[in-house]
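Residue numbers (this note's numbering): 164 to 763.
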């Protein structure tokens with residue numbers, strides 16, 4: 164109250180001079196006002212319920228004891244004495260789990276409210292492994308990928324670890340289940356401990372028994388799909404050696420098909436026949452046939468945009484599907500529709516019919532496009548995705564000094580491969596893509612044209628927090644009449660997807676009047692280093708180089724850009740904010756880029 168009174172008095176009499184003594188008193192009062200609650204709380208802090216003293220002090224042992232005991236609640240003296248008997252057993256288990264059998268343990272309850280449990284432990288020497296006998300017999304012995312445990316803690320001279328012993332048993336059992344040795348068992352499963360001698364011996368002898376095979380696959384469905392379509396998802400045959408990975412693959416691909424909201428793949432061991440064939444039962448439940456998605460985004464290249472997607476995931480018993488995609492932004496408006504037929508296998512192979520209408524305006528470039536086409540998607544044995552396509556495209560365009568309307572019949576082929584450890588935010592991986600499109604006057608086209616584009620991205624993480632991301636884009640265009648080549652087939656560079664530090668599509672050859680006309684060749688490369696501040700925030704620095712030109716000889720004169728950025732890893736993927744500086748004296752400048760999307 165005295166402090167409050169002084170504060171009020173000095174506030175209301177501000178015209179009076181405050182002496183040094185009064186000012187000091189005021190500061191003391193302020194300090195007590197802010198810090199007294201925390202000091203009082205510290206003074207009233209309850210003593211710990213557990214006083215644990217180890218000799219010698221070993222962090223692993225302390226952590227294990229505390230984990231076994233868990234949180235010790237406040238207890239009075241009598242309750243703590245009853246609890247001490249339980250605590251003794253838990254402490255002994257925690258010690259022996261780490262190989263400490265020659266310990267001295269003393270517990271004492273210190274009276275009070277609450278009472279304290281004092282634990283004093285002299286650890287002594289841990290028990291060390293002497294004999295380790297790990298044996299595998301039966302047909303699995305001939306299987307190269309059925310391995311023995313290789314834990315470094317299971318070596319002669321190492322301290323006994325019960326966790327390592329249990330992990331070794333689990334290693335045998337899990338492999339047996341994974342490869343279909345359902346009659347496997349341990350012929351010897353022994354852990355011999357001699358606390359007096361300070362030694363322990365492990366004997367794990369595992370008999371695999373015969374390996375089972377896949378039996379008949381049956382489907383339990385409540386839907387309209389033909390069973391013949393469902394069977395095209397199965398990648399194994401009846402009588403083939405059992406593999407849990409192939410069951411997981413079947414379950415994963417059924418879920419990814421877009422047809423179902425519930426998938427359960429199970430085996431019936433008890434129904435195995437004399438040929439050791441195990442039946443497989445697959446339960447599937449259809450999802451709702453229609454879905455609608457609306458989205459909004461923003462990038463500094465095209466500004467704000469909205470999108471809408473409607474899809475009918477299945478419209479008949481053959482698994483056909485269809486959908487409509489749309490996008491609306493200031494420079495670009497587009498709507499496309501597709502109809503898809505599943506092939507064999509349906510999870511990777513499909514036939515898709517497409518059509519689209521697009522209207523794009525950017526600076527002095529204009530393009531209105533209509534296209535109609537068909538695509539055959541196929542996953543090759545080497546995991547490359549191949550797309551064979553045939554597309555007809557009518558494009559009315561204006562770019563540079565060129566203005567025309569061109570019809571192209573474009574047969575094309577593309578190859579792509581994505582390898583990454585995660586989908587949304589990978590730490591390792593790469594993406595490769597090659598696309599080739601051509602047209603010829605003899606095949607319903609106004610000009611002869613050949614376009615080749617290639618993309619390579621790579622991501623590598625080291626020491627957990629450091630990431631390197633590299634990108635290379637290449638493009639080449641051959642045309643017997645460049646003035647009639649549509650703007651969508653020409654090359655431009657600059658922007659958040661090619662060379663940061665330059666505006667969107669700023670890097671391209673210009674006409675005599677200074678208007679951009681696009682190039683025949685493209686190269687864009689980038690090297691980026693990222694440092695992870697937290698699991699969801701990263702700092703980045705990068706160097707970009709690239710250009711679009713009419714002559715190959717000009718590709719050696721690349722425009723450079725450098726910059727820094729921030730990455731936020733959202734649930735739907737990375738969001739990127741970059742500040743870049745173009746180093747070219749004529750076209751360079753500061754650019755702020757905001758974008759989103761996968762890094763691979």
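Where is the CB? At the ideal position from N, CA and C, for every residue including glycine.
Simplified DSSP assignment, three categories, for residue 719: helix
What is the DSSP secondary structure of residue 304, reduced to helix, strand or coil? helix
Contact between the region 672 to 682 and the region 754 to 762 (3+ Cβ pairs under 8 Å): no
Evaluate contact between the region 352 to 368 and the region 296 to 314, counting only Cβ atoms and requiring at least three cross-stretch pairs below 8 Å. yes
How big is the Cα-Cα spacing for residue 323 and residue 347? 26 Å
Determine the direct distance from the alpha carbon of residue 591 to that of residue 710, and round the result to whole angstroms. 28 Å
Go to residue 750, then tell me how far its alpha helix (DSSP H) extends in each direction, as first and last residue. Run containing residue 750: none; DSSP gives neither H nor E here.
Helix, strand or coil, according to DSSP, for residue 527 in the structure here? coil
Quick one: what's residue 737 bridged to in DSSP? 732
According to DSSP, simplified to helix, strand and coil, what is residue 474? strand
Report yes if the CB atom of residue 530 is closer than 8 Å to the CB atom of residue 651, and no otherwise. yes
Please state whether the Cβ-Cβ distance between residue 742 and residue 731 is less than 8 Å. no
Does the beta-carbon distance from residue 764 to residue 569 come in below 8 Å? Since the first and last residues shown for the chain are 164 and 763, residue 764 lies out of range.
Is the Cβ-Cβ distance between residue 663 and residue 684 less than 8 Å? no
Meets three-Cβ-pair contact criterion under 8 Å: the region 618 to 637 and the region 540 to 549: no
By the 10 Å Cβ neighbour count, where 16 or more other Cβ atoms means buried, how is residue 315 classified, buried or exposed? exposed
Locate the alpha helix (DSSP H) running through residue 446, then write down its first and last residues. Residue 446 -> not in any alpha helix (DSSP H); beta strand (DSSP E) instead, spanning 440 to 449.
What are the boundary residues of the alpha helix (DSSP H) that includes residue 669? No alpha helix (DSSP H) contains residue 669, which DSSP labels as neither H nor E.
With C-beta atoms as the reference, is residue 265 less than 8 Å away from residue 292? no
For residue 348: DSSP bridge partner residues: 370
In or out: residue 243 buried (at least 16 other Cβ within 10 Å) or exposed? buried
Would residue 119 and residue 262 qualify as a contact pair, given that the criterion is a beta-carbon distance under 8 Å? Since the first residue of the chain shown is 164 and the last is 763, residue 119 is not available in this structure.
Can you give me the C-alpha to C-alpha distance between residue 339 and residue 328, rounded to a whole angstrom? 17 Å
Is it the case that the Cβ atoms of residue 302 and residue 358 are separated by a distance below 8 Å? no
Considering only C-alpha positions, which residue in the set 343, 495, 217 is nearest to residue 528? 495
Along the alpha helix (DSSP H) that carries residue 260, what are the first and last residues, could you check? 240 to 260
Between the C-alpha atoms of residue 396 and residue 513, what's the straight-line distance to the nearest angstrom? 13 Å
Would you report the Cα separation of residue 271 and residue 247, rounded to the nearest angstrom? 8 Å
With 16 other CB atoms within 10 Å as the buried threshold, where does residue 661 fall? buried
Given a threshold of 16 other Cβ atoms within 10 Å of its Cβ, counted over all protein chains shown, does residue 606 qualify as buried or as exposed? exposed
How many Å lie between residue 378 and residue 623 at the Cα? 42 Å
My output table needs one value for residue 756: the three-state DSSP class, helix, strand or coil. strand
Please list, in chain order, all residues of the same chain as residue 204 whose beta carbon is under 7 Å from its beta carbon, the five residues on each side excluded. In this prediction, residue 204 has a pLDDT of 46, which is less than 50 and means its spatial position is unreliable; what the coordinates show is noted afterwards. So the list is empty, once near-sequence residues are dropped.
Count the other CB atoms within 10 Å of the CB of residue 344; is the residue buried (16 or more) or exposed (fewer)? buried
Give the straight-line distance between the Cα atoms of residue 432 and residue 443, rounded to the nearest whole angstrom. 9 Å
Decide yes or no for the touch test of the region 470 to 488 against the region 439 to 458: beta carbon pairs closer than 8 Å, at least 3 of them. yes
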